[in-house]
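*Asks:* After the structure tokens below, expect a handful of questions from me.
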Amino acid sequence: MGNEFEQLEIIADFINTHDERMRYEGDPGLELLSTADDLRTWLLKNGFILKQDAVSEEDLALARNLRGGLRAAIPNNIHDHKEAGFQALNRAAGRFRFAYSFSEASDAIEPVDAQGRGGLARLLILVFRLRENNVWNRLRVCTAADCQWVFVDRSRPGTGKWCSMKACGNRAKNKTYRERAKSMG
Ligand SMILES: [Zn+2]
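Here the sequence shown stands for residues 330 to 514, where the numbers follow the working numbering.
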């Protein structure tokens, strides 16, 4: 399972390239994939493309769509009510093409497209494998509305609510405490 958690961390990192943690009221968050080159760097670092592969503006748009779809498909995502469950993810996934090959030794599924689009398709294949192996539910989004950081829950029960108990967990508890104290007058 260790290796799968590591792979899930990569998916979490991809989704967190739109960092939605609020630093002030109305903060739109930090966009870490501002340019095609940002995406190229990310894909290369995580082994989805090769050094010579190019990444286009179109790939960047596809990546952001895919990222939104993946965030909406996180099992405990209570923040994303715009689109229920897998609709956005399926729409983003529909933009990629895959080829299957079968042999005695092993079967394979590979992207039809090369370059940046191929890299994103490889990321999608990884998502497929993680879901198939039932580890997807370990991907969680922080319950704190002003955080929404995506993390991998490695705890035994796998029902973690906060990205960090120290920060978000205690903050939520204090808030509940304050509200209760207020209502008690
Ligand atoms: Zn948090």
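All C-beta atoms in this analysis are idealised placements derived from N, C-alpha and C, irrespective of residue type, glycine included.
As a quick exercise: from 478, 408, 402, 474, pick the residue whose alpha carbon is nearest that of residue 457.
*Replies:* Position 128 of the sequence shown, counted from the start, is the residue given in the question as residue 457. Checking every option, the nearest Cα to that of residue 457 belongs to 402.
*Asks:* From residue 404 to residue 481, what does the alpha carbon distance come to, in whole angstroms?
*Replies:* For the purposes of this step, residue 404 is taken as the residue at position 75 of the sequence shown. For the purposes of this step, residue 481 is taken as the residue at position 152 of the sequence shown. Looking at the two C-alpha atoms, the distance is approximately 12 Å.
*Asks:* Does the beta-carbon of residue 473, which I'm using as the reference point, lie nearer than 7 Å to any heavy atom of ligand 1?
*Replies:* Residue mapping note: residue 473 aligns to position 144 of the sequence shown, counting from 1. Yes, the Cβ of residue 473 comes within 7 Å of a heavy atom of ligand 1.
*Asks:* Using a Cβ-Cβ cut-off of 6 Å (strictly less than) and excluding sequence neighbours within five positions of residue 524, which residues of its own chain qualify?
*Replies:* This structure does not reach residue 524, given that the chain is present from 330 up to 514, and the question cannot be answered.
*Asks:* How many Å lie between residue 336 and residue 353 at the Cα?
*Replies:* By one-based count along the sequence shown, residue 336 stands at place 7. By one-based count along the sequence shown, residue 353 stands at place 24. Distance between the alpha carbons of residue 336 and residue 353: 32 Å.
*Asks:* Taking only runs of the beta strand (DSSP E) that begin and end inside the stretch 363-437, which ones reach a length of at least 3 residues, in chain order?
*Replies:* 427-430
*Asks:* Using only CA atoms, which one of 388, 395, 479 lies nearest to residue 406?
*Replies:* Locating residue 406 in the sequence shown gives position 77, where the first residue counts as 1. Comparing Cα-Cα distances from residue 406 to each of 388, 395, 479, the minimum goes to 479.
*Asks:* Examine ligand 1 and report whether any of its heavy atoms sits within less than 7 Å of the Cβ of residue 496.
*Replies:* For this step, residue 496 is matched to residue 167 along the sequence shown. For ligand 1, at least one heavy atom lies less than 7 Å from the Cβ of residue 496.
*Asks:* Under the assumption that residue 333 contacts residue 462 (Cβ atoms under 8 Å), give the Cβ distance between them as a whole number of angstroms.
*Replies:* If you number the sequence shown from 1, residue 333 lands on position 4. If you number the sequence shown from 1, residue 462 lands on position 133. Yes, residue 333 and residue 462 are in contact; Cβ-Cβ is about 6 Å, under 8 Å.
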